[in-house]
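Enquirer: Here you go, one structure.
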Amino acid sequence: MIILRLKGYDDHWVLSGKGQMKLKDSAQLVEMQKRLKLISKLDSYGVLDSIEKLPETPSSVQKKIIQEFFVFLASKFV
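Going left to right, the sequence shown walks through residues 536 to 613 as my numbering numbers them.
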């Protein structure tokens, strides 16, 4: 159901087969599609398991370490 929602299908249509099949491109749908693309990208690098192990609410120090690491990593690919 979540994947169908991210692809723009209306919940009511999925559950009942009635109504409008796809939602119009709303800002929320566009944002969810961007996040799905980002998750797919992280999955292609094989890092989702590692990211899942990170704390839900990082301290400011932990957050800074991760941010600096990703900036460093991205700079190596440019």
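Even glycine gets a Cβ: it sits at the ideal position worked out from N, Cα and C.
If you're wondering where the values come from, they're calculated on a predicted model, not measured in any experiment.
So what's residue 603 in DSSP terms, helix, strand or just coil?
Expert: Helix.
Enquirer: For the alpha helix (DSSP H) holding residue 576, just list the boundary residues, first then last.
Expert: Its alpha helix (DSSP H) spans residues 562-579.
Enquirer: Grouping DSSP H, G and I as helix and E and B as strand, with all else coil, what is residue 594?
Expert: Note: residue 594 maps to coil in three-state DSSP.
Enquirer: Would you mind stating whether residue 583 and residue 577 have Cβ atoms separated by less than 7 Å?
Expert: Cβ distance < 7 Å, so residue 583 and residue 577 count as in contact.
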